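Written out below as structure tokens is the structure these notes cover.
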Amino acid sequence: DAKTTQPPSMDCAEGRAANLPCNHSTISGNEYVYWYRQIHSQGPQYIIHGLKNNETNEMASLIITEDRKSSTLILPHATLRDTAVYYCIVRVRSTDKLIFGTGTRLQVFP
Amino acid sequence: GAGVSQSPRYKVAKRGQDVALRCDPISGHVSLFWYQQALGQGPEFLTYFQNEAQLDKSGLPSDRFFAERPEGSVSTLKIQRTQQEDSAVYLCASSQQTGLDWDNEKLFFGSGTQLSVL
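The listed protein sequences correspond, in order, to chains S and V. Add 973 to a position in the first sequence, counting from 1, and you land on the number used in this note's numbering. Add 46 to a position in the second sequence, counting from 1, and you land on the number used in this note's numbering.
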């Protein structure tokens, strides 16, 4: 079973920041938080990951709370192409597999 | 191309037919994964290879599902005697997994094979 909880859907206006929350209250100290997204008819695409510190790359920022029980993915200036299902995943250290939940369907509107 | 390639893109099978789905991972990638994605659901893990060794097949739903990667590169997922409940998108992913920092390894996914069993 997925170890994360996400809202099923969210809307965001184009050009505005999209903030996608994720709860992972049972995360272990050595488990990373990964974010992937899946655009319609494509395979999932890696976005970002983190352990304790906040992370930023060319796609997004990841904010992890101090107790690591939740995190937020931030798309700073959402575009129509960011419309997708976003998956928050806790990486199981003892194996390599990613366990997906049902994700958040983000709709960016003009 | 440099990405993960899957073929065919679409497959229609009659119930009871055997099917074979192919995955060409990114060259040099050690790890290869198969996932099954039903409509409206997240991908579900099927099986995992490290080179030619199948290290985890805990997600295969029945003994009708079989996967192989004989030379540690191309992989084939075979489904025997297909049933309607097998209809789904089958995704393949690969990762480099150098062993140096594998916690940070990203998975690269193909676009999948959409299987429809009639």
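Yeah, the Cβ is synthetic: ideal placement off N, Cα and C, and Gly gets one too. Remember, it's a predicted structure, so these values are computed and weren't measured experimentally.
Asked	Found
Residue-level contact to chain V via CB, F1082(S), 8 Å cutoff	no
Cβ contact (3+ pairs, closer than 8 Å) linking the region 51–60 of chain V and the region 1059–1078 of chain S	no
Per-residue DSSP class, three states only, for E90(V)	strand
Cβ shell of Y1059(S) (< 6 Å), same chain only, five flanking positions each side left out	L993, R1010, G1076, T1077 and L1079
Beta carbon proximity, Y1060(S) to chain V, threshold 8 Å	yes
Below-8 Å beta-carbon distance, L78(V) vs any chain S residue	no
Contact list for G158(V) against chain S, beta-carbon separation under 9 Å	S1014, Q1015 and G1016
Contact between the region 1020–1033 of chain S and the region 105–119 of chain V (3+ Cβ pairs under 8 Å)	no
Own chain residues within Cβ distance below 6 Å of I1012(S), not counting five before or after	A1057
Backbone secondary structure at Q130(V) - three-state DSSP	helix
Coarse secondary structure for L153(V), derived from DSSP in three states	coil
Pairwise C-alpha distance: L153(V) and A66(V)	23 Å
CB contact below 8 Å: K1070(S) versus chain V	yes
Helix, strand or coil at L1053(S) [DSSP, three-state]	helix
Test: P107(V) CB closer than 8 Å to a CB of chain S	no
Residues bridged to R68(V) [DSSP beta-bridge criterion]	S53(V) and T122(V)
Per DSSP, cross-strand counterpart(s) of M983(S)	L1079(S)
Same chain, Cβ closer than 8 Å to G74(V), neighbours up to 5 away in sequence not counted	Q142
Close beta carbons around E71(V), own chain, < 6 Å, minus the five adjacent residues each side	Position check: residue 71(V) holds Pro in this sequence, whereas Glu was assumed. If we look at P71(V) and ignore the five residues flanking it on each side, its Cβ neighbours are V50, L78 and S140.
T93(V) to L106(V) span [Cα, whole Å]	7 Å
Of the residues Y136(V), Q83(V) and G86(V), the one placed nearest T122(V), counting alpha carbons only	Y136(V)
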